[in-house]
Each structure stands twice: as structure tokens, then as C-alpha cells.
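Quick mapping for you: the protein sequence lines, in order, are chains A and B.
The numbering of the first sequence is the numbering used here, which starts it at 298 and goes up by one.
The numbering of the second sequence is the numbering used here, which starts it at 33 and goes up by one.
For glycine and all other residues, C-beta sits at the position ideal for the given N, C-alpha and C.
Input: a single structure, listed below in C-alpha cells.
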Amino acid sequence: MSARGETLLWIAQRASAAVLAVCVVVHLATIIYAVQGGLSAAEILGRTRGNAAWFAFYAVFMLAVTVHAPIGLRAVLIEWFGWRGVSRGWFLVLFTALLAWIGMRAVFAVFA
Amino acid sequence: MKVSVWKGGAGGSFQEFDVPRHSSQTVLDVVTYIQRALDPTLAYRYACRVGMCGSCAMTVNGVPRWTCRTHVDKVLRNERLQVAPLKNLPVIRDLVTDMSEFFDKWARAKGQFTGSRSKRDGFAAVSPSSEERLQIDAGIECIGCAVCYSACDVVAWNPDYLGPAALNRAWTLVRDERVTDIPDRLRSVAGDAGVHSCHTHMSCTERCPKKISPTAGIAGLKREILKSALRGDL
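Given below as C-alpha cells:
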């Protein structure tokens, strides 16, 4: 990959980290607030399902994770295993697809 | 005191010597004593003995240091000293490392000055108080000792990584208002082999004997590369 391409990956990882910082704070604050009354799983789903705003929030959260984690894993694979080249690229594509699928499946299950 | 010194190449081992203690004794004095009085085959490298040439760096008790300016008093533990070659560089023999790759990376980071003026243009007037000049001042006194390179975890993990000294050199040139080809220079230090692999552990800054902060230079290069990428110059 060119220096420009690697720089764009770095920018994408830093930008997604900024989004994640906000999402994680909102997520933690929400769950701490929500469980204070001792909500059951059924009660939580009753409140989350069909809520378009929370669906959009967690879809953005998932998108940020899907951008951020594979770029970080890419560096880990270089530094820990010296893995480069086309095979690493395909592994990361598969990892990204798996992450997006598992994440969005959860978002749809809780909020759709 | 007991001094363990690395003998041999990469597959060598430590050999122990008894060395008399003296006041104001440096680690380089210790190594020199061993070669002159105990083991004339010991290979090591030094030149100026006053912290200018950058040739006597070694790993002392696990830490990379310039040995000519490192007093034994400050590093001795339980009357023992361990002296090894610098890490992250191939060992030629005993305490001597092959520094070719270290300096080749300076060239890969475009560490040479290129200007646009000829001798007919006269001197460029650079304000000593300009922000760029002050940033250059903070990084320009590098003596090329490779202590930072030896201390860097990223160099150990990723052999292509240019390393703190080469990137610091690139930073001082990028800030130089006389220097040409800035986008090309930024391109040569961007990406996996360049500044974007730095983990900001700051081992280079911690260990630099000249108190330079290559970490600050690397952060500056990241900012300049980001601006260049956003402008579409990269």
C-alpha cells in the first residue's frame, strides 16, 4: 500500500476513535442509568425495539467499531506476526465483514 | 566491581571481569581498562570521549546509554555492571554493532538538505525566534548515537520502521524554510514504515542523551502529513 493509503487508514482510525469515545460514554451512562431500577431483559427490549434514534446511534457506534478495529488489528498483525501482503488483506476483509455482520445483527435484534 | 561484557557475535555470551573502581569513572573508562589490561581482543567503538561523536553507545545494565558520559556511580548495581552491544542493530563482534541500516534509514527518510538557492542568491534570512526555527533548534543537536533506535519498541517489532533519529532529522528539515520538496519528504516518512507506526511510548525521548524529543518531532510530522493529505498534496 502507498504512503498515502496508509495515511488515510491512520486518519480513518483516529476519526473513528473520536466517534467511539463519544459512543462509549453515552453507552455506559445509559446502561448505568437504565439498570438502576432493576430492569429485566424483556423490559429493556420493550423500550428499545422500534426506537429509531437509538437504532441510529448504535448503527453509528457499530460503523465506528467496524472501521476502527480492523485497522488496529492490521498493525498488530505486522508487529506481532510480521504478516503482510495480500493474504493479510483478505483476512482483514473477512474480519471486517464478520464484525459488521455480528454487530449489525445485534443492533437489529435490540432496536429494530 | 564485577563487569559482565558481551563477547562474540549474535550467538555470543557474557564474560565477567574484575575491574578496579575509581572516582569519576565512566563506563567507557571501564571498557577501555578491560581491553588494555585484561582482554586485548575486546572490540568496541569510540572516538571523541566527550559526548560529541555518538560512537560509544552501548547497553549498560539493560539500558542504552552513551558510555563516555555515563558515570559508573550512577549505573552500578550491587557492585555489578553489565555491558552489551546496542539492541535492534546486528552485532559485528563484542560491543560493536553494524549501524548501516540505522544510517540508511536516515537516507530513506530524506535526511539530506536540498535548497533552491545558488551561491549567487546570498544568505537566506531565518529569524532565530520564528516558531519553525525554535522547533528545529529543539531537534538539531542529534549526534547519531542510535540510543533512541536501540530503545524503540517499534523498531524491534517492525524492522522497516525508520526509527526516532531518522524521523527527528526529517522533522528538522521539514520545518526548514529553505528546504524544497516538502510533499515528497512527508511522503517518505508517512505510513507503516514511518510516523504512523509510532506508539508514542516515548522511550526515545526518555533515553536520548542530548535531551531531544523525537516523539515531539514525530507528532509534528503527523500533523504536517495530515494537513498535506487533506490538501491532496500527499
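What is the DSSP secondary structure of residue i, counted as helix, strand or coil?
i        : result
B/Pro246 : helix
B/Asp50  : strand
A/Met359 : helix
A/Val404 : helix
B/Arg217 : helix
A/His324 : helix
A/Leu389 : helix
B/Thr102 : coil
B/Ile124 : strand
A/Trp351 : helix
B/Lys119 : coil
B/Gly40  : coil
B/Leu113 : strand
A/Ala339 : helix
B/Ala89  : strand
B/Thr232 : coil
A/Val316 : helix
B/Gly252 : helix
B/Arg97  : strand
CA-CA distance, residue i and residue j?
i        : j        : result
A/Ile328 : A/Arg311 : 26 Å
B/Gln167 : B/Thr204 : 7 Å
B/Val158 : B/Ser148 : 15 Å
B/Ser56  : B/Lys106 : 10 Å
B/Asp153 : A/Ala361 : 53 Å
B/Pro117 : B/Ala75  : 10 Å
B/Arg210 : B/Gly40  : 46 Å
B/Gly83  : B/Asn120 : 22 Å
A/Met298 : B/Leu218 : 16 Å
A/Phe378 : B/Lys142 : 29 Å
B/Arg239 : B/Glu173 : 15 Å
A/Val316 : A/Ala366 : 13 Å
B/Trp189 : A/Arg301 : 22 Å
B/Trp138 : A/Ala394 : 39 Å
B/Ala42  : B/Arg125 : 8 Å
B/Val62  : B/Ser182 : 21 Å
A/Ser384 : B/Val95  : 38 Å
B/Asp169 : B/Gly86  : 18 Å
B/Tyr65  : B/Val115 : 13 Å
A/Ile308 : B/Ser150 : 39 Å
A/Thr345 : A/Val407 : 6 Å
A/Arg402 : A/Trp351 : 15 Å
Should residue i go down as buried or exposed, given a rule of 16 or more other Cβ atoms within 10 Å for buried?
i        : result
B/Asn110 : exposed
B/Ile293 : A question about residue 293 of chain B goes unanswered here, because the residues of chain B that appear run from 33 up to 266.
A/Ile399 : exposed
B/Asp71  : exposed
B/Glu48  : exposed
B/Ala79  : exposed
B/Gly226 : buried
B/Ser229 : buried
B/Ser132 : exposed
A/Glu303 : buried
A/Tyr330 : exposed
Run the proximity test for residue i: is its beta-carbon closer than 8 Å to any non-hydrogen atom belonging to the ligand ATP?
i       : result
B/Asn93 : In the structure shown, the ligand ATP is absent, as is every other ligand, since no ligand is present at all.
Quick test of your reading: residue i and residue j, contact by CB under 8 Å. State the CB separation rounded to the nearest angstrom.
i        : j        : result
B/Val59  : B/Met33  : Actually they are not in contact, since the Cβ atoms of B/Val59 and B/Met33 sit about 11 Å apart, beyond 8 Å.
B/Val179 : B/Arg97  : 7 Å
B/Gly171 : B/Gly249 : 5 Å
B/Asp185 : B/His233 : 6 Å
- Pull out every residue of the region 175-192 of chain B whose Cβ sits closer than 8 Å to any Cβ of chain A, in chain order. Listed in chain order, the positions of the region 175-192 of chain B with a beta carbon within less than 8 Å of a beta carbon of chain A are Val186, Trp189, Asn190.
- Message: Closer than 8 Å between beta carbons: that is the criterion. Which residues of the region 225-252 of chain B meet it against chain A?
- Response: Using a CB distance below 8 Å, the part of the region 225-252 of chain B facing chain A consists of Gly226, His228, Ser229, ordered along the chain.
- Message: Give me the subset of the region 204-221 of chain B whose CB atoms are less than 9 Å from a CB atom of chain A, sorted by chain position.
- Response: Residues of the region 204-221 of chain B that bring their beta carbon within less than 9 Å of a beta carbon in chain A comprise Leu218, Arg219, Ser220, Val221, in sequence order.
- Message: Taking beta-carbon pairs under 9 Å, can you tell me which members of the region 48-66 of chain B lie near chain A?
- Response: Listed by position along the chain: nothing, the set is empty.
- Selection of the region 347-378 of chain A by Cβ proximity to chain B, strictly under 8 Å: Residues of the region 347-378 of chain A with a C-beta less than 8 Å from any C-beta of chain B: Ala372, Ile375, Glu376, Trp377, listed in chain order.
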